[in-house]
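Going by this note's numbering, the sequence shown opens with residue 85, and the numbers climb by one from there.
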Amino acid sequence: MRLKDKIVLVTGGGSGLGREMGLLFASEGATVGVNDVRPESAQNVATEITRAGGVARPFVADVSNSAAVKKMFAEFLAAFGTIDVLVNNAGIGRTRETGGEVELLGTIDLTDDDWHKMIATHLDATFYCTREALKVMIPKGAGHIINQGSIAGTAGLPFVSNYCAAKAGIIGFTKSVALEVAKFGVVVNAIAPGFIDTPMTAPMTAEAREWVISNTPIGRFGEPRDIAAAALYLASDDAKFMIGQVISPNGGWTTA
Ligand SMILES: NC(=O)c1ccc[n+]([C@@H]2O[C@H](COP(=O)([O-])OP(=O)(O)OC[C@H]3O[C@@H](n4cnc5c(N)ncnc54)[C@H](O)[C@@H]3O)[C@@H](O)[C@H]2O)c1
Numbered sequence: 085m086r087l088k089d090k091i092v093l094v095t096g097g098g099s100g101l102g103r104e105m106g107l108l109f110a111s112e113g114a115t116v117g118v119n120d121v122r123p124e125s126a127q128n129v130a131t132e133i134t135r136a137g138g139v140a141r142p143f144v145a146d147v148s149n150s151a152a153v154k155k156m157f158a159e160f161l162a163a164f165g166t167i168d169v170l171v172n173n174a175g176i177g178r179t180r181e182t183g184g185e186v187e188l189l190g191t192i193d194l195t196d197d198d199w200h201k202m203i204a205t206h207l208d209a210t211f212y213c214t215r216e217a218l219k220v221m222i223p224k225g226a227g228h229i230i231n232q233g234s235i236a237g238t239a240g241l242p243f244v245s246n247y248c249a250a251k252a253g254i255i256g257f258t259k260s261v262a263l264e265v266a267k268f269g270v271v272v273n274a275i276a277p278g279f280i281d282t283p284m285t286a287p288m289t290a291e292a293r294e295w296v297i298s299n300t301p302i303g304r305f306g307e308p309r310d311i312a313a314a315a316l317y318l319a320s321d322d323a324k325f326m327i328g329q330v331i332s333p334n335g336g337w338t339t340a
């Protein structure tokens, strides 16, 4: 068991990559706090983990809201007493429901709200949760923080400049915090997945999926397990010499 008795919080844990991480971490002995803004999603994954023999509890909060994050951490710490691993994973692929096919939004078409909502959901949330986790991890002299980046933040993608900016921001934030807190025993890294089959990518058009597959040397989308496995490594003691790194399971989309 690689995370025996570790206390973990996964934001956006009610779906896709967060769900997979919660299930894998619990199977490795962790107690898992499943955060999500959608109460039924958080509850369903917590139930799924419990039914599989693990220990989990839902924590409903919008992590883009500073006050909501403070409240969630107070509840989390009251329930579990500490935090060993934080995964900043919550995210959105688009800021508007177009009711079907995904609409390509050029930068000149982005509203202020499209911009701010994307930055808030990814970058503000990562900051808010990291700040609360560090209040526990620094005095304790131990902890692992894993931030969900993307190839959108490393290589860039067209027609999602707000998403790319948010993900690139997360990577810069990861490196800075990692350098700042390494001496306190807190290990901070990021993952930059390529395209993975999750509810986030499910609404992509057949044409967009074909574009992804033809640009991915391995010739397919990744599976949530590919990302959860990288997260498990970064959450474990095996990663204690990894400081401010970006691991990118992406099927060859980029080798940079
Ligand atoms: N799927 C991919 O191809 C891919 C690739 C690279 C990076 N990512 C990133 O991985 C993360 C997870 O993506 P996924 O594919 O599992 O998506 P998903 O839509 O399946 O899951 C995201 C979860 O985050 C939750 N969430 C959204 N906003 C929230 C908020 N403000 N507060 C709390 N919870 C919130 C959603 O309710 C949802 O349950 C995201 O940060 C995403 O940008 C995904």
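For glycine and all other residues, C-beta sits at the position ideal for the given N, C-alpha and C.
- Note that the segment 106-115 does not touch the segment 146-156; fewer than 3 beta-carbon pairs, one per stretch, sit closer than 8 angstroms.
- In this structure the segment 294-311 does not lie against the segment 263-273, because fewer than three pairs of beta carbons, one per stretch, are closer than 8 angstroms.
- For Phe211, the distance from the CB to the nearest heavy atom of ligand 1 is not below 7 angstroms.
- The beta carbon of Thr338 sits no closer than 7 angstroms to any heavy atom of ligand 1.
- Less than 8 angstroms divides the Cβ of Gly253 from the Cβ of Leu207.
- In this chain, the beta strand (DSSP E) harbouring Leu170 covers 169-172.
- Residue pairing by DSSP places Ala140 opposite Val116 in a beta bridge.
- Around Arg86, the same chain offers Glu112, Leu316, Ser320 as residues with beta carbons nearer than 7 angstroms, after the five sequence neighbours per side are excluded.
- Its Cα nearest to that of Val271, the residue Val330 stands out among Val330, Ser99, Asp89, Lys88.
- Scanning Arg135, Cys213, Lys219, Asp196 for the CA closest to the CA of Asp120 turns up Cys213.
- For Asn173, the shortest separation between its Cβ and any heavy atom of ligand 1 lies below 7 angstroms.
- The distance from the Cβ of Ile91 to that of Phe164 is about 5 angstroms, consistent with a contact at the 8 angstroms cut-off.
- Secondary structure remark: continuous beta strand (DSSP E) runs of at least 3 residues inside the segment 244-320, in chain order: 270-275.
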